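Here's the structure, in C-alpha cells; my notes come after.
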Amino acid sequence: MTSDEQNFIEIKGVSKHFGEIIAVDNVDLAIKKGELFSILGASGSGKTTLLRILAGLEIPSQGSILIDGVDMTSVAPYDRPVNIMFQNYALFPHMSVFENIAYGLKKEGLQKESIEEKVQKMLTLVKLEGYENRKPNQLSGGQSQRVALARSLVKEPKVLLLDEPMAALDKKLRQSTQFELMDIHDELGITFVIVTHDQEEAMTLSDRIAIMEQGQFVQIGSPNLIYENPSSKFVADFLGNINLLEAIVTEQNDKEIIVDCAALGGELKFDQTEQANASEMTVALRPEKVMIEKNMPTNDDQSHIKGIVEDFGYFGNLSIYRVKTESGHVIQVSKQNRDRVEQSIKWEDEVYLSWDNDSLMLLGE
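With our numbering applied, the sequence shown covers 290 to 654.
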C-alpha cells in the first residue's frame with residue numbers, strides 16, 4: 290500500500306479568514322484510515338475552525354478537503370461521510386435515550402426493525418443497556434456523553450469528529466471515559482479526529498497529535514515523539530511541565546553545539562546535525578527526569594548541582610519540588626512516591642539535583 294492510499298483524510302493548503310482575522314493559515318495534513326488523531330491547541334489556535342471545515346460547517350477561504358479520495362470541499366455537511374459530536378452533546382431534552390440515538394436513522398426513513406437493531410447495537414457498545422427510556426435530565430454527565438457518542442456513531446460514518454469530548458466530565462470520570470473511547474475506536478476501526486485543549490487527553494487517546502498555534506501546525510507526531518523530542522520551545526512548554534533554561538552558544542561545528550547554561554552549572558555539549566541559528570538557545574529538562582536527594586550523587590555518568598528546597602507540594606502519587614540552585618535559578622522536580630513513608634525532603638532542605646545528560650534538550654524558539 291502506498292503512502293497516498295493510506296491517507297484517508299487530506300487537508301491541502303487550507304486557510305480560513307474571518308474578515309482580517311486568519312483563523313486557519315495554509316495548513317496541510319494527512320490522516321490515515323482508522324487513526325485516532327488529535328488536534329491540540331489553546332483557545333484561539335484555529336483547531337475548532339478546522340474541525341468545522343472538516344464537518345462542512347465552514348467553507349475554507351482556500352484549499353481543499355479530501356475524504357477517502359473524494360473532494361469534499363464544497364459538499365454539504367449532510368452529504369459527507371462524517372458525523373460530529375459536539376462539546377455540549379446537544380441531546381434533545383424531550384426525547385428518550387433511544388429516541389435521541391434513533392433520530393438520524395428516522396430522518397433517513399429506515400424501517401422500524403432496522404432502527405431498533407442499530408440502536409440496540411449502539412447501546413451495547415456504549416454500555417447503556419436498560420437506559421433506553423430515560424430522558425437526558427435523568428442521566429449523569431458520563432452517561433450523557435455516551436448517548437451523544439452512540440448517536441454520532443449509529444449512522445456508521447467513515448469519520449467521527451469530536452469537539453472537546455471530555456470537557457464536561459470531572460477528572461476521575463474523564464480518565465476512565467478516555468479508555469472506553471479507545472476501546473470503542475478499536476472495536477469499530479473508523480477514523481476519529483478529536484479537537485481538544487487538554488494535553489493529557491490528547492496524549493492518552495491519540496495515535497498521533499498535531500499541535501496548533503496561530504492557525505498553523507507547529508509539530509505533528511506520536512505523543513511520545515512530541516513529548517520527548519519537541520521541535521521548539523513553544524511545543525516543549527505547551528505539552529507537559531518542563532524546565533526551560535537560558536543558554537548561550539559558545540561554539541559549534543558539524544558534530545556538536547556547545548552552550549553555557551548557568552542554571553545547570555556551565556558548559557553543556559549537544560550532538561547536533563543542524564547549525565544553531567541564534568546565539569541564545571534554551572536547554573529543556575523535564576521535571577521527572579531530575580533526581581533529588583540529600584546526599585551528593587556518586588554516579589559519574591550523571592551531572593549534578595546543589596540547591597535549597599524553596600517550595601514543596603504533595604499530590605499523593607507524586608511530590609513536586611521547586612529547588613533554588615546556587616546560581617539562583619529555580620528547577621522544578623517531580624518524584625514518584627513509591628513508598629508509604631513520610632516525605633524525607635522538606636522545605637529549606639539542602640539537596641542535590643542530578644540528571645542523565647541525554648535527558649537534556651536544546652531548543653530554539
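Note that CB positions come from ideal geometry on N, CA and C, so glycine has one too. Quick caveat, the model's predicted, so the values are computed rather than measured.
Practice problem: Kindly indicate which three-state DSSP category S292 falls into: helix, strand or coil? | Solution: Here the question's residue 292 lines up with position 3 in the sequence shown. At S292, the pLDDT of 43 sits below 50, so the modelled position is not reliable and the matter cannot be decided from this model.
Quiz prompt | Alpha-carbon to alpha-carbon, S353 and T657 | solution = Absent from the model: residue 657. The displayed extent of the chain is 290 to 654, so no value can be given.
Exercise. Could you tell me if R627 is buried or exposed, where buried requires 16 or more neighbouring beta carbons within 10 angstroms of its beta carbon?
Key: Counting from one through the sequence shown, the residue named residue 627 turns up at place 338. Exposed, because fewer than 16 other Cβ atoms sit within 10 Å of the Cβ of R627.
Quiz item: Does the pairing of the stretch 499–508 with the stretch 324–340 give three or more beta-carbon distances under 8 Å?
Solution: Yes, the stretch 499–508 is in contact with the stretch 324–340.
Quiz item: Within 10 angstroms of its Cβ, does L346 collect 16 or more other Cβ (buried), or is it exposed?
Solution: Here residue 346 corresponds to residue number 57 of the sequence shown, with the count starting at 1. L346 is exposed by the Cβ-count criterion.
Quiz prompt | Residue ranges of each beta strand (DSSP E) within the stretch 390–442, 3 or longer | solution = Under the rule that a run must span 3 or more residues, no beta strand (DSSP E) segment is found entirely inside the stretch 390–442.
Practice problem: Taking V482 as the reference, give the member of D368, L339, W636 and L528 with the closest Cα. | Solution: For the purposes of this step, residue 482 is identified with residue 193 of the sequence shown, where counting begins at 1. V482 has its Cα closest to that of L339, out of D368, L339, W636 and L528.
Practice problem: Please report how far the alpha carbon of T299 lies from the alpha carbon of K322, in whole angstroms. | Solution: Counting from one through the sequence shown, the residue named residue 299 turns up at place 10. Counting from one through the sequence shown, the residue named residue 322 turns up at place 33. Residue identity differs from the one stated: residue 299 is Glu in this sequence, not Thr. Looking at the two C-alpha atoms, the distance is approximately 11 Å.
Self-check item: contact_flag[the stretch 573–592, the stretch 514–531] where n(CB pairs < 8 Å) is 3 or more
Solution: yes
Quiz prompt | heavy atom of the ligand GDP below 8 Å from P576 C-beta | solution = Because no ligand of any kind appears in the structure shown, any question about the ligand GDP cannot be addressed here.
Exercise. State yes or no: is the C-beta of Y420 within less than 9 Å of the C-beta of L414?
Key: Position 131 of the sequence shown holds residue 420. Position 125 of the sequence shown holds residue 414. Taking 9 Å as the Cβ cut-off, Y420 and L414 do not qualify as a contacting pair.
Quiz item: Can you tell me whether DSSP reads K544 as helix, strand or coil?
Solution: Indexing the sequence shown from 1 puts residue 544 at position 255. In this structure, K544 counts as coil in the three-state DSSP scheme.
Self-check item: 9 Å Cβ cutoff met for L458 and Q488
Solution: To locate residue 458, count along the sequence shown from 1; it is residue 169. To locate residue 488, count along the sequence shown from 1; it is residue 199. No, Cβ-Cβ distance for L458 and Q488 is not below 9 Å.
Quiz item: Exposed or buried, what is K407 when buried is set at 16 or more other beta-carbons lying within 10 Å of its beta-carbon?
Solution: As a first step, residue 407 must be located in the sequence shown, where it is residue number 118. Classification of K407: buried, given that the 10 Å Cβ count is 16 or more.
Quiz prompt | 8 Å contact criterion, which Q561 and S643 should meet: CB distance rounded | solution = In the sequence shown, residue 561 corresponds to position 272, counting from 1. In the sequence shown, residue 643 corresponds to position 354, counting from 1. No, Q561 and S643 are not in contact; Cβ-Cβ is about 24 Å, not under 8 Å.
Self-check item: Integer-rounded CB distance, given that M374 should sit under 8 Å from L449
Solution: Indexing the sequence shown from 1 puts residue 449 at position 160. Indexing the sequence shown from 1 puts residue 374 at position 85. About 7 Å; that satisfies the 8 Å criterion.
Quiz item: Quick one, are the C-beta atoms of I634 and K583 less than 9 Å apart?
Solution: For the purposes of this step, residue 634 is taken as the residue at position 345 of the sequence shown. For the purposes of this step, residue 583 is taken as the residue at position 294 of the sequence shown. Note that the C-beta distance between I634 and K583 is below 9 Å.
Exercise. State yes or no: is the C-beta of M570 within less than 9 Å of the C-beta of L652?
Key: Working through the sequence shown from its first residue, we reach residue 570 at position 281. Working through the sequence shown from its first residue, we reach residue 652 at position 363. Yes, Cβ-Cβ distance for M570 and L652 is below 9 Å.
Practice problem: Say whether the stretch 311–330 touches the stretch 378–395, bearing in mind that this needs 3 or more beta-carbon pairs closer than 8 Å, one atom from each stretch. | Solution: no
Self-check item: Delimiting residues of the alpha helix (DSSP H) encompassing Q464
Solution: What you label residue 464 is simply residue 175 of the sequence shown in a count that begins at 1. Counting along the chain, the alpha helix (DSSP H) containing Q464 begins and ends at K460 to L477.
Quiz item: Just how far apart, CA to CA, sit V507 and L343?
Solution: Here the question's residue 507 lines up with position 218 in the sequence shown. Here the question's residue 343 lines up with position 54 in the sequence shown. Roughly 19 Å separates the two Cα atoms.
Quiz prompt | Strand pairing of Q508, partner residues [DSSP] | solution = Taking the first residue of the sequence shown as position 1, residue 508 is located at position 219. DSSP lists I500 as the beta-bridge partner residues of Q508.
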